[in-house]
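A.B. asks: This structure is in structure tokens; I'll ask about it shortly.
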Amino acid sequence: MHRPATWPRRPRNRKFQVTSMATAVLETGERETYLNREYGIKSWLLTVDHKRIALLYLMGITFFFFIGGFFALLIRLELLTPAGDLVQADTYNKLFTMHGQVMVFFFLIPAVPAVLGNFLIPIMIGAKDLAFPRINLLSWYLYIIGGILMVYTILAGGVDTGWTFYTPLSTEFLKTNVTTAALAVFVSGFSSILTGLNFIVTTHRMRAPGMTWNRLPLFVWAHYATSIIQVLGTPVVAIAIVLVALERLFHLGIFNPTLGGDPLLFQHLFWFYSHPAVYIMILPGMGIISEIVCCFSRKRVFGYKAMAIALLGIAVVGFLVWAHHMFVAGISLYAALIFSFLSYFVAVPSAIKVFNWTSTMYKGSISYQTPMLYAFGFIGLFTMGGLTGLFLACLGVDVHVTDTYFVVAHFHYIMVGGMVMAYLGGMHFWWPKISGRLYPEGWGRLAALLVFVGFNLTFFPQFILGYMGMPRRYWDYSHSPEFQILNVLSTAGATILAVGYLLPMIYFLWSMRYGKPAPDNPWNAAGLEWTIPSPPTTFNFEEQPVVTWEAYNYDELDQRREEVPVAH
Amino acid sequence: MHTSPPATVEGEAHENPALLHHFATEEQQKNAASLGMWLFLITEIMFFGGMFCAYLVYRYAYFGDFAAASSSLDLKLGTINTIVLIGSSLTVAMAIRCAQVGKQKAIVGYLVLTIILGVAFLGIKAIEYKQKFDEHHVPGLANFHLEGHVPRHADVPVNQNHAQIYFSLYFAMTGMHALHMIIGVGLFAYLTYKAYKGRYGPGYYTPLENGGLYWHFVDIVWIYLFPLLYLIDRHP
Numbered sequence: 010m011h012r013p014a015t016w017p018r019r020p021r022n023r024k025f026q027v028t029s030m031a032t033a034v035l036e037t038g039e040r041e042t043y044l045n046r047e048y049g050i051k052s053w054l055l056t057v058d059h060k061r062i063a064l065l066y067l068m069g070i071t072f073f074f075f076i077g078g079f080f081a082l083l084i085r086l087e088l089l090t091p092a093g094d095l096v097q098a099d100t101y102n103k104l105f106t107m108h109g110q111v112m113v114f115f116f117l118i119p120a121v122p123a124v125l126g127n128f129l130i131p132i133m134i135g136a137k138d139l140a141f142p143r144i145n146l147l148s149w150y151l152y153i154i155g156g157i158l159m160v161y162t163i164l165a166g167g168v169d170t171g172w173t174f175y176t177p178l179s180t181e182f183l184k185t186n187v188t189t190a191a192l193a194v195f196v197s198g199f200s201s202i203l204t205g206l207n208f209i210v211t212t213h214r215m216r217a218p219g220m221t222w223n224r225l226p227l228f229v230w231a232h233y234a235t236s237i238i239q240v241l242g243t244p245v246v247a248i249a250i251v252l253v254a255l256e257r258l259f260h261l262g263i264f265n266p267t268l269g270g271d272p273l274l275f276q277h278l279f280w281f282y283s284h285p286a287v288y289i290m291i292l293p294g295m296g297i298i299s300e301i302v303c304c305f306s307r308k309r310v311f312g313y314k315a316m317a318i319a320l321l322g323i324a325v326v327g328f329l330v331w332a333h334h335m336f337v338a339g340i341s342l343y344a345a346l347i348f349s350f351l352s353y354f355v356a357v358p359s360a361i362k363v364f365n366w367t368s369t370m371y372k373g374s375i376s377y378q379t380p381m382l383y384a385f386g387f388i389g390l391f392t393m394g395g396l397t398g399l400f401l402a403c404l405g406v407d408v409h410v411t412d413t414y415f416v417v418a419h420f421h422y423i424m425v426g427g428m429v430m431a432y433l434g435g436m437h438f439w440w441p442k443i444s445g446r447l448y449p450e451g452w453g454r455l456a457a458l459l460v461f462v463g464f465n466l467t468f469f470p471q472f473i474l475g476y477m478g479m480p481r482r483y484w485d486y487s488h489s490p491e492f493q494i495l496n497v498l499s500t501a502g503a504t505i506l507a508v509g510y511l512l513p514m515i516y517f518l519w520s521m522r523y524g525k526p527a528p529d530n531p532w533n534a535a536g537l538e539w540t541i542p543s544p545p546t547t548f549n550f551e552e553q554p555v556v557t558w559e560a561y562n563y564d565e566l567d568q569r570r571e572e573v574p575v576a577h
Numbered sequence: 713m714h715t716s717p718p719a720t721v722e723g724e725a726h727e728n729p730a731l732l733h734h735f736a737t738e739e740q741q742k743n744a745a746s747l748g749m750w751l752f753l754i755t756e757i758m759f760f761g762g763m764f765c766a767y768l769v770y771r772y773a774y775f776g777d778f779a780a781a782s783s784s785l786d787l788k789l790g791t792i793n794t795i796v797l798i799g800s801s802l803t804v805a806m807a808i809r810c811a812q813v814g815k816q817k818a819i820v821g822y823l824v825l826t827i828i829l830g831v832a833f834l835g836i837k838a839i840e841y842k843q844k845f846d847e848h849h850v851p852g853l854a855n856f857h858l859e860g861h862v863p864r865h866a867d868v869p870v871n872q873n874h875a876q877i878y879f880s881l882y883f884a885m886t887g888m889h890a891l892h893m894i895i896g897v898g899l900f901a902y903l904t905y906k907a908y909k910g911r912y913g914p915g916y917y918t919p920l921e922n923g924g925l926y927w928h929f930v931d932i933v934w935i936y937l938f939p940l941l942y943l944i945d946r947h948p
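Chains A and B, in that order, are what the protein sequence lines are. Here the working numbering is used: position 156 in the first sequence is 165, and no number is missing along the way. Here the working numbering is used: position 222 in the second sequence is 934, and no number is missing along the way.
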């Protein structure tokens, strides 16, 4: 690694605490881990171990990811031709509604916090478990109950409100399963609230000696900021959805304009949560990217404090921008001006993050393992998604592209290009720790490449489509067949994307049996999670770790390992 | 018990069986539990906040109709209920105090008293609901009708749709509040059982304290609900 002579050196006495690993050995001769300590379905369904609960979530989340993806594929197939020939209009409405609801509420929101956050936060701060292990299990059960309600909704004929449940469409006019879908979202919302609450208390109260706030990995900071949004925002959408259900069941008029109600009130309540919810989806991804970029650049993150403050800044300012979803809904022009300004403002902390990742890589010793490929993808695609978000924050442009494919492309660049990329990057980065096995690196890189290419081919044409004026949520565009070529490109990209998503699932499963056993620290990464065995024991640490080093002390780490050559 | 030094070695016998394995000290566990409870109460504020927001919007838009509808509520029962509820907050506080000073039997007594007051509140609320049902003031039903006119405007009859919105919010807010009361009564039944078993004393009363926080919160919600729903533009 190229190191300028002027870099300050850290004092040599800051060493890693080496934990003694007098681990228990099972009768079979294997080392005891959280995976093999107990067997049987009961040991999983009644577990309070945060690592096992993370794996339970992983199963649910993977299931819903493929359900939601299946609907997406049907949508893309329908749009392959201008005529509405594969499905009817009503079916199409159900497809994009259920795609949205499944992906948002049952994949994107829980994915990173509930799987990687659950697994890693206690280990990263040197704790044995989350503060409330039983509440953690309860939130998984709530997620599953919500999930069962969602599956019931799908099997009972689906729902076609759009993922936003806008009134009075949802309360007055639709005969589909709106109530069960609302209940599904309501119940899974409580799962999200409890997870956030658990993370906040854990971060405050469970840190190991020496693990000060300034030494927390940014992954933990990101989840802390996310949890604030979950705790403050989710209850509001919960009550809004309860009111929708009550209005539907008892024919009330709270949001019904013919009865004196105000549909805009529902939109305000809904977006008060659902805009911050996009930060619930992206902030944990930003945490993952910070870990990966530092590790594969062998450098401390650039501007640690700015990065942490930016995470909190996004969480706070993100609460004040919701009405930019309602610019054309008839809100006051002055309100729109303020929300437009605030929406620009939230781009500042987001930009700080992108600049600082780039600066972290600058003059770093970069290697191109799979997680880093996903991180590159994230930074590029998130930037695209963020910049097009500025187009939409601008009132004039927003009027032009509202409810077109431009909006669809924009938020998919953030949600799929950003969040799913980060999720996959994180899964690859920590898979050796989670499973104790290495995934096949070559296949990993291939899949990362396929996802990147497939993603851009799917969604870039949608920017152009939207700007040309193709509205979202239309199943038939035979009045303007010139849109077909871009739609064909998009559908072709979606096919590649599907392969890119299936591959990791296959080789992760494969590696659980046939993968090479993972060393404790395959990436020579910093962080407490890499000082314990792979996979960890049930209580994570044999002895209480004492932290005496800063986060991302890669220069120190590499200095200590200078004699040991590292294969990149 | 609460003065015992921090346990440093895992597996060491702890004096307090309530100390869970993943906490190092009792103090850490207590602090975690109270922070968790406060955060939970913040989520509750946001939950009720959505309805208060809706209330404000419509009260501002349809003030006269809201005032007329508000006057149809039974002020006497509402006042009695407010007193009952504040009284139950006092008994909870007394129960916690008894735990702190180690009066084991008094804890149970005060908790039972709290449950009685809570059930009394729910009973009076049920009578009020019954009245509204008999008076055809339940929104969404075909027979909904609110007699009368807007206060101080004898020529302006009450707008039935706007009155229905008032009663929708009335039932949603007091109903959600009553649901919290029912959960609270269940919670206190459990705490009473544990207190009866001698579980709480000066060394350990975190569940009592958290139960008390929850109950006080439900109480405070009512203290806002009462004037907002019962006392709009009322004149003797």
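Even for Gly, the Cβ is constructed at its ideal location relative to N, Cα and C. Values in this document were obtained by computation on a predicted structure and should not be read as measured data.
1. At what residues does the beta strand (DSSP E) containing Val868(B) begin and finish?
2. Where does Ala345(A) land, buried or exposed, given buried means 16+ other C-beta within 10 angstroms?
3. From which residue to which residue does the alpha helix (DSSP H) around Arg570(A) run?
4. Roughly how many angstroms separate the alpha carbons of Phe305(A) and Lys442(A), rounded to a whole number?
5. Looking at Val57(A): is its Cβ nearer than 8 Å to the Cβ of Pro142(A)?
6. Which parts of the segment 95-169 of chain A are runs of the alpha helix (DSSP H), unbroken and 4 residues or longer, counting only runs that do not cross its ends?
7. Can you list, in chain order, the residues of its chain whose CB lies under 6 Å from that of His334(A), leaving out five sequence neighbours each side?
8. Rounding to the nearest angstrom, what Cα-Cα distance links Gly77(A) and Phe115(A) in this structure?
9. Assign Arg309(A) to one of three DSSP states: helix, strand, or coil.
10. Can you check the segment 847-902 of chain B for any alpha helix (DSSP H) of at least 4 residues that lies completely inside it and give the ranges in chain order?
11. Buried or exposed: which applies to Gly426(A), given that a residue is buried once 16 or more other Cβ atoms fall within 10 Å of its Cβ?
12. Report the neighbours of Phe759(B) on chain A: residues whose CB is nearer than 8 Å to its CB, in chain order.
13. What whole-angstrom Cβ distance do Ser800(B) and Gly830(B) have, given they're in contact under 8 Å?
14. So with Cβ pairs under 8 Å, would you call Ser782(B) a contact of chain A?
15. According to the neighbour-count rule (16 or more other Cβ atoms, all chains shown, within 10 Å of its Cβ), is Gln471(A) buried or exposed?
16. Is the beta carbon of Arg257(A) less than 8 Å from the beta carbon of Thr180(A)?
17. Can you check DSSP and say which residues form a bridge with Arg40(A)?
18. Where do the ends of the alpha helix (DSSP H) carrying Asp271(A) lie?
19. Under 8 Å: do the segment 476-487 of chain A and the segment 410-428 of chain A share three or more Cβ pairs, one atom per stretch?
20. Against chain A, with Cβ distances strictly below 8 Å, would Phe752(B) count as a contact?
21. Is there a C-beta anywhere in chain B that falls below 8 Å from the one on Ala123(A)?
22. Please report how far the alpha carbon of His892(B) lies from the alpha carbon of Trp927(B), in whole angstroms.
23. For Gly748(B) versus Leu206(A), is the C-beta spacing smaller than 8 Å?
24. With the cut-off set at 8 Å, would you say Glu538(A) and Met215(A) are in Cβ contact?
25. State the start and end residues of the unbroken alpha helix (DSSP H) segment that holds Tyr262(A).
26. If we define contact as Cβ-Cβ less than 8 Å, is Val824(B) a contact residue for chain C?
27. Could you pull the start and end residues of the alpha helix (DSSP H) that Thr71(A) belongs to?
28. Say whether chain A places a C-beta atom closer than 8 Å to the C-beta of Thr755(B).
29. For Met107(A), I'd like the list of residues in its chain whose CB is within less than 7 Å of its CB, leaving aside the five on either flank, ordered along the chain.
30. So with CB distances below 8 Å, who are the chain A contacts of Val769(B)?
31. Can you name the start and end residues of the alpha helix (DSSP H) that Arg771(B) belongs to?
32. Rounded to the nearest angstrom, what separates Thr540(A) and Ala120(A) at their Cα positions?
33. Identify whether Gly590(A) lies in helix, strand or coil by the three-state DSSP scheme.
34. Enumerate in chain order the residues of its own chain whose CB-to-CB distance from Leu566(A) is below 7 Å, with the five nearest sequence positions on each side excluded.
35. At the level of alpha carbons, what is the spacing between Arg809(B) and Glu738(B)?
36. Quick one: Cα of Trp750(B) to Cα of Phe764(B), how far?
C.D. replies: Judging by the given coordinates:
1. 865-869
2. buried
3. Unbroken run through Arg570(A): none, as it is neither H nor E.
4. 17 Å
5. yes
6. 98-110, 127-133, 142-164
7. Trp280
8. 9 Å
9. coil
10. none
11. buried
12. Pro244, Val245, Ala247, Ile248
13. 6 Å
14. no
15. buried
16. yes
17. Val34(A)
18. No alpha helix (DSSP H) holds Asp271(A); DSSP gives it neither H nor E.
19. yes
20. yes
21. no
22. 9 Å
23. yes
24. no
25. Reading off the sequence, residue 262(A) comes out as Gly, not Tyr. Element bounds for Gly262(A): n/a, residue is neither H nor E.
26. In the structure shown, chain C does not exist; the protein chains are A and B.
27. 59-87
28. yes
29. Phe80, Ile163, Gly167, Val168
30. Asp271, Leu274
31. 738-773
32. 25 Å
33. Lying before the first or after the last residue shown, residue 590(A) is absent from chain A, which here runs from 10 to 577.
34. Asn533, Ala535
35. 20 Å
36. 20 Å
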